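J.: To start, I am sharing the structure in question, which I have written as structure tokens.
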């Protein structure tokens, strides 16, 4: 092998080493690109929170709008109360405080959901939804179908349907006796009241969960009767 051959061989060796070093330096960049995958977890948490507040309404919309929920969560109590007023007027007892809300606008569908937490357990969930191309009756039927599938957050032992006059019209509400099923801890004996309600836009839905020890049926009926557009 000549001196020129030796030199060319050495140059190729140096070039190979440089390529190897460049590849090694690029590897951390590949790992950095995988970081955004973590954002999906936060979206899932939002969906889980809203299902906990009211499985019926979340089941209707989260399959379509889960991607947009990450920017729609509202935690400020004053803003939650304002959202509730945009859904419907209702006299909520003082022991229930605004917990969180969800405001989604997908163009063809707009939905607002708010949750109020009781000081001694339980809560109140309200939702209003409009869907392009669907009448109020069609949306209410969708709500009712989901209401019939409930059971994740409340175990129903017995139930009855009660007619209550709301905003000048009699409506059917499910009043169930059983137990509230928390995410952690033992079940809490309680009542669940749920049904479709009028909303300022589209159709609305309400779900009330109250521990048995604090349940006051007259107060609940009075609250339902206070609902107005």
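In this note's numbering, the protein residues as written are 3 to 231. Glycine included, each C-beta is placed from N, C-alpha and C at the ideal position. Since the model is a prediction, treat every value here as computed from it, not as a measurement.
Along the chain, where does the alpha helix (DSSP H) that runs through residue 165 open and close?
T.: It is not in any alpha helix (DSSP H) - residue 165 instead sits in the beta strand (DSSP E) that spans 156 to 168.
J.: For chain D, check one thing: does any of its Cβ atoms lie closer than 8 Å to the Cβ of residue 218?
T.: In the structure shown, chain D does not exist; there is a single protein chain.
J.: Given a threshold of 16 other Cβ atoms within 10 Å of its Cβ, counted over all protein chains shown, does residue 218 qualify as buried or as exposed?
T.: Per the 10 Å Cβ criterion, exposed.
J.: Straight-line CA distance for residue 162 to residue 215?
T.: C-alpha separation (whole angstroms): 19 Å.
J.: With a cut-off of 8 Å, do at least 3 Cβ pairs link the segment 93 to 104 to the segment 115 to 127?
T.: Result yes; three or more Cβ-Cβ pairs closer than 8 Å.
J.: Look at the alpha carbon of residue 130 and the alpha carbon of residue 189, and state the distance between them as a whole number of angstroms.
T.: Going by the C-alpha atoms only, they are around 29 Å apart.
J.: Please return the same chain residues whose Cβ sits closer than 8 Å to the Cβ of residue 90, not counting the five positions on each side in sequence.
T.: The answer, listed in chain order, is 128, 130, 199, 200, 201, 202, 206, 229, 230 and 231.
J.: Across which residues does DSSP place residue 110 in a beta bridge pair?
T.: Paired residues: none, contrary to the question.
J.: For residue 211, which of helix, strand or coil comes out of DSSP?
T.: Residue 211 falls in the strand class under three-state DSSP.
J.: Pop quiz: residue 196 and residue 208 are said to be a contact at Cβ under 8 Å. What is the actual Cβ separation, rounded to whole angstroms?
T.: Right, their Cβ atoms sit about 7 Å apart.
J.: In the DSSP output, what is residue 90 paired with across the bridge?
T.: In the DSSP output, where bridge partners are listed per residue, residue 90 has none listed.
J.: By DSSP, does residue 172 sit in helix, in strand, or in coil?
T.: Note: residue 172 maps to strand in three-state DSSP.
J.: Under the three-state reduction of DSSP, which class applies to residue 195: helix, strand or coil?
T.: It is a strand residue.
J.: Between 82, 120, 168 and 85, which lies nearest to residue 96 when the distance is taken from Cα to Cα?
T.: Considering only alpha carbons, the answer is 120.
J.: Would you tell me roughly how many angstroms separate the C-alpha atoms of residue 164 and residue 173, rounded to the nearest one?
T.: Cα to Cα, the separation comes out at about 8 Å.
J.: Under the rule that 16 or more other beta-carbon atoms within 10 Å means buried, what is residue 139, buried or exposed?
T.: Flag for residue 139 reads exposed.
J.: Distance check for residue 88 and residue 224, CA to CA, integer angstroms please.
T.: The alpha-carbon atoms of residue 224 and residue 88 are separated by roughly 21 Å.
J.: In three-state DSSP terms, what is residue 82?
T.: The answer is helix: DSSP assigns residue 82 an H, G or I state.
J.: What residue range is occupied by the uninterrupted beta strand (DSSP E) comprising residue 129?
T.: 125 to 133 is the span of the beta strand (DSSP E), which, as asked, contains residue 129.
J.: Use the C-beta contact count for residue 77: other C-beta atoms within 10 angstroms, 16 or more gives buried, fewer gives exposed.
T.: By the 10 Å Cβ count, residue 77 comes out exposed.
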